[in-house]
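Chemist: Right, I'll just put the structure down here and ask away after.
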Amino acid sequence: MADSAIDDNNDKTYIPCPFCGWSDKKGGEYDMLVHMESMHAEEGESPFIPGGASGSIKADDEDSQFVECPVERCGATMLPEQMDDHLDLHAQDPDNNSGNEIVHAPNYEALPPAASFSSPSSPSGPSRARRASGRHQSHHAERDTEKSTGQAKAVSAWKLLLRMPGSSSKSSLLQRKKTKSEDDTVGSTVNGITRLGRAQLGRYYNEDRMPSSLEAHLRRGVYVKTEGLIPVLAQILEQCPTTKCAYLCHPSVQHFSKLKGEGGFCGYRNIQMLCSYITAAKFAGYRQMDRKIPTIFQIQDFIEAAWDQGINPRGRIETGGIKNSRKYIGTPEVLVMFRLLQIPCDAQAFKDKEPGRAESLLMDEIEKYFQSGVEDPAQRVRRTNLPPIYFQHSGTTSQAPADLDVEELTVAVCVGHSLTIVGFERLKSGHKNLLIFDPEYHDSSKVTRYIGRKDFEISYPDAALMRYRRGHKYLGRFREFEMIRLKEPDIGFPAA
Numbered sequence: 006m007a008d009s010a011i012d013d014n015n016d017k018t019y020i021p022c023p024f025c026g027w028s029d030k031k032g033g034e035y036d037m038l039v040h041m042e043s044m045h046a047e048e049g050e051s052p053f054i055p056g057g058a059s060g061s062i063k064a065d066d067e068d069s070q071f072v073e074c075p076v077e078r079c080g081a082t083m084l085p086e087q088m089d090d091h092l093d094l095h096a097q098d099p100d101n102n103s104g105n106e107i108v109h110a111p112n113y114e115a116l117p118p119a120a121s122f123s124s125p126s127s128p129s130g131p132s133r134a135r136r137a138s139g140r141h142q143s144h145h146a147e148r149d150t151e152k153s154t155g156q157a158k159a160v161s162a163w164k165l166l167l168r169m170p171g172s173s174s175k176s177s178l179l180q181r182k183k184t185k186s187e188d189d190t191v192g193s194t195v196n197g198i199t200r201l202g203r204a205q206l207g208r209y210y211n212e213d214r215m216p217s218s219l220e221a222h223l224r225r226g227v228y229v230k231t232e233g234l235i236p237v238l239a240q241i242l243e244q245c246p247t248t249k250c251a252y253l254c255h256p257s258v259q260h261f262s263k264l265k266g267e268g269g270f271c272g273y274r275n276i277q278m279l280c281s282y283i284t285a286a287k288f289a290g291y292r293q294m295d296r297k298i299p300t301i302f303q304i305q306d307f308i309e310a311a312w313d314q315g316i317n318p319r320g321r322i323e324t325g326g327i328k329n330s331r332k333y334i335g336t337p338e339v340l341v342m343f344r345l346l347q348i349p350c351d352a353q354a355f356k357d358k359e360p361g362r363a364e365s366l367l368m369d370e371i372e373k374y375f376q377s378g379v380e381d382p383a384q385r386v387r388r389t390n391l392p393p394i395y396f397q398h399s400g401t402t403s404q405a406p407a408d409l410d411v412e413e414l415t416v417a418v419c420v421g422h423s424l425t426i427v428g429f430e431r432l433k434s435g436h437k438n439l440l441i442f443d444p445e446y447h448d449s450s451k452v453t454r455y456i457g458r459k460d461f462e463i464s465y466p467d468a469a470l471m472r473y474r475r476g477h478k479y480l481g482r483f484r485e486f487e488m489i490r491l492k493e494p495d496i497g498f499p500a501a
């Protein structure tokens, strides 16, 4: 992975190339700009090389459409046009010591923190082991602070580089997906159904099996989750000076985050978030999941079994099968899995060429949804027992009806990203925000430290909420959205 580096002598940050990892300790932003124009120029046409021939990393290489986040320990790969917003979220909180649980599924019970134990042989004062532990923690705290500073500098450097006036590097990044060799589909057709490609299934669209090391890691049942976050967000929203009113879903919903190097599993992580509600609320279908949140491999098995049973079987032809692979999944796969498990749900798409129109329709529908679960509309923060919502967005999609049906739907979202909507917010300024859990990011310790506390005060509530808000700045670039809502009569109201 491309990590940032720091020179201890002059505190200079070196930013590696996201395409190939190259860096030059003698150079800076300009040298990186020259490198990118020379080696990764748009359409292979470099202004620094006669005849426009670029270096060995060409625009038509199989993986050139995707870039890797340069921030240490992130590991995310994405389209270049998504990098700026991705770096924005890193810049909002460079704290990587998030306090999330790294959990072994499915029956993990966390041990109490070490500080809660006392040594019977030393009733007064810290034990030698604890003093040593304290020194160890202090040493790591210094290293973590240094890493955070370096990562913040790397983020700033990359954002500056991508925004340099007169630079065609940003244009090259933004246009790279349009190269001739990177069509939206692979092109093979079976029974009139076209096999999908990189644009729909991601970087590993033609992968038969994920690397054995990653598979072994995932099969150990390790995942990152945060429980008890919804009540914390409720208290932060209460204290936020810019919030006019807000709605939140059922408090049992957990935030599942990616593991380093796992690839594009955001769809799976969002399914797990919905399943955290299904199992906690004993919603329809929880018995079919054996009352447990399914693993990535179990989710793949459910989807493949649905295709076997004739539930949108064209999905297998379009994807080539997903079992043991890192191919993206989206709305169609969520629907077939829920259909198989008899989990009642409905799907809806919002699509309009007029800028902002689809976003406006989406916001209105989400607000109406949460209003339906409110018992006391006079409250500023309105807690409900409603399920969370699976949400997917994209810049380009195929044709899809306004109300999606699994039998009609193919893959409606191309090169998209999925999130879980856990609430809705109106600001005093009149703007609206979705409140979301994004599997791409871990929760900051600045937020998780308050889990389990009934009353607390937070110094900067707006800053704490930035990672959970998605408003016009984020949504405004997209013209098409999809969502899946669980539905059941008389879901009920929250306890006092």
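Count along the sequence shown starting at 1, add 5, and that's the number in my numbering.
For every residue, glycine included, the Cβ atom is placed at its ideal position computed from N, Cα and C.
Report the partner residues of Asp351 according to the DSSP bridge assignment.
Modeler: Arg490.
Chemist: Between Val258 and Lys230, what straight-line distance do the alpha-carbon atoms span, to the nearest angstrom?
Modeler: Computed Cα separation, rounded: 10 Å.
Chemist: Leaving out the 5 sequence neighbours to the left and right, which residues in its chain are closer than 6 Å to Tyr455 when beta-carbon positions are compared?
Modeler: Val237, Phe461.
Chemist: Whole angstroms is fine: what's the gap from Asp448's alpha carbon to Gly315's?
Modeler: Near 39 Å, if we compare the C-alpha coordinates of Gly315 and Asp448.
Chemist: In angstroms with no decimal places, state the Cα-to-Cα distance between Glu485 and Thr389.
Modeler: Each residue's alpha carbon lies about 27 Å from the other.
Chemist: To the nearest angstrom, how far is it from the Cα of Tyr210 to the Cα of Pro349?
Modeler: One C-alpha to the other measures close to 30 Å.
Chemist: For Phe442, write down the residues that DSSP places opposite it in a beta bridge.
Modeler: Looking at the DSSP assignment, Phe442 forms a beta bridge with Thr425.
Chemist: Have a look at the DSSP bridge pairing and note the partners of Arg387.
Modeler: Tyr252, per the DSSP bridge assignment.
Chemist: Please report the straight-line C-alpha distance between Ser217 and Gln376, rounded to a whole angstrom.
Modeler: So the two alpha carbons sit approximately 47 Å from each other.
Chemist: In the DSSP assignment, what residue or residues form a beta bridge with Val195?
Modeler: Answer is Ile198, bridged to Val195.
Chemist: Should Asp443 be labelled buried (16 or more other beta-carbon atoms within 10 Å of its own) or exposed?
Modeler: With 16 or more Cβ atoms within 10 Å of its Cβ, Asp443 is classed as buried.
Chemist: Could you tell me whether the stretch 301-318 touches the stretch 326-338, using the rule of 3 or more Cβ pairs below 8 Å?
Modeler: A contact exists between the stretch 301-318 and the stretch 326-338.
Chemist: Could you give the C-beta distance for Ile441 and Thr425, rounded to a whole number, given that I count them as a contact under 8 Å?
Modeler: Between Thr425 and Ile441 the Cβ distance is about 6 Å, and since that is below 8 Å, they are a contact.
Chemist: Run through the DSSP bridge pairs and tell me what Thr231 is partnered with.
Modeler: According to DSSP, which records beta bridges pairwise, Thr231 is partnered with His260.
Chemist: Nearest CA to the CA of Tyr228: which residue from Asn438, Leu439, Phe483, Ile301?
Modeler: Answer by Cα proximity: Ile301.
Chemist: Does Val339 pass the burial test, meaning 16 or more other C-beta atoms within 10 Å, or should it be called exposed?
Modeler: Val339 is buried by the Cβ-count criterion.
Chemist: If you follow the beta strand (DSSP E) that Tyr210 is part of, which residue opens it and which one closes it?
Modeler: Careful: Tyr210 lies outside any beta strand (DSSP E) and carries neither H nor E.
Chemist: Where do the ends of the beta strand (DSSP E) carrying Phe343 lie?
Modeler: Unbroken run through Phe343 is the alpha helix (DSSP H), 336-345; no beta strand (DSSP E).
Chemist: Closest to Pro466 by CA distance: which of Leu439, Ala239, Lys358 is it?
Modeler: Residue Ala239 is the option with its Cα nearest to Pro466.
Chemist: Between which two residues does the beta strand (DSSP E) carrying Phe375 extend?
Modeler: No beta strand (DSSP E) contains Phe375, which is instead part of the alpha helix (DSSP H) from 362-376.
Chemist: Pull up the distance between the alpha-carbon of Gln293 and that of Leu346, whole angstroms please.
Modeler: Each residue's alpha carbon lies about 6 Å from the other.
Chemist: For the stretch 359-369 and the stretch 471-490, state whether three or more C-beta atom pairs, one from each stretch, are separated by less than 8 Å.
Modeler: With the cut-off at 8 Å, the stretch 359-369 and the stretch 471-490 touch.
Chemist: Is the stretch 276-286 close to the stretch 248-265, with three or more CB pairs under 8 Å?
Modeler: Touching, yes.
Chemist: Thinking just about the alpha-carbon of each residue, which of His222, Leu253, Arg225, Gln244 is nearest to the one in Gly233?
Modeler: Among His222, Leu253, Arg225, Gln244, the Cα nearest to that of Gly233 belongs to Leu253.
Chemist: Between Ile334 and Asp313, what straight-line distance do the alpha-carbon atoms span, to the nearest angstrom?
Modeler: Each residue's Cα considered, the two are about 17 Å apart.
Chemist: Determine the direct distance from the alpha carbon of Lys265 to that of Arg208, and round the result to whole angstroms.
Modeler: Whole-angstrom Cα-Cα distance: 16 Å.
Chemist: Does the distance from the C-beta atom of Thr336 to that of Ala311 stay below 8 Å?
Modeler: Not closer than 8 Å, so no.
Chemist: Between which two residues does the alpha helix (DSSP H) containing Asp302 stretch?
Modeler: Inspection of the sequence shows that residue 302 is occupied by Phe rather than by Asp. Where Phe302 is concerned, the enclosing alpha helix (DSSP H) stretches over 301-313.
Chemist: Taking the Cβ atom as the reference point for each residue, do Arg474 and Ile394 lie within a distance shorter than 8 Å?
Modeler: In this structure, Ile394 does not lie closer than 8 Å to Arg474 by Cβ.
Chemist: Under DSSP, the beta strand (DSSP E) around Ser399 begins and ends at which residues?
Modeler: First-last of the beta strand (DSSP E) with Ser399: 394-399.
Chemist: Can you round the beta-carbon distance between Arg472 and Cys250 to whole angstroms, since I take them to be within the 8 Å contact cut?
Modeler: Actually they are not in contact, since the Cβ atoms of Arg472 and Cys250 sit about 20 Å apart, beyond 8 Å.
Chemist: Using the rule of at least 16 other Cβ atoms within 10 Å of the residue's Cβ for burial, across every protein chain shown, is Gln397 buried or exposed?
Modeler: With 16 or more Cβ atoms within 10 Å of its Cβ, Gln397 is classed as buried.
Chemist: Hey, how far is the Cα of Ala204 from the Cα of His436?
Modeler: Their Cα atoms are separated by approximately 32 Å.
Chemist: So Cys245 packs on Leu391, CB below 8 Å; how close in whole Å?
Modeler: Not confirmed; about 21 Å, so no contact.
Chemist: Determine the DSSP secondary structure at Asn112, reduced to helix, strand or coil.
Modeler: In this prediction, Asn112 scores a pLDDT of 36, lower than 50, which makes its location untrustworthy; no coordinate-derived value is stated.
Chemist: Does the separation of the CB atoms of Glu487 and Ala289 fall below 8 Å?
Modeler: In this structure, Ala289 does not lie closer than 8 Å to Glu487 by Cβ.
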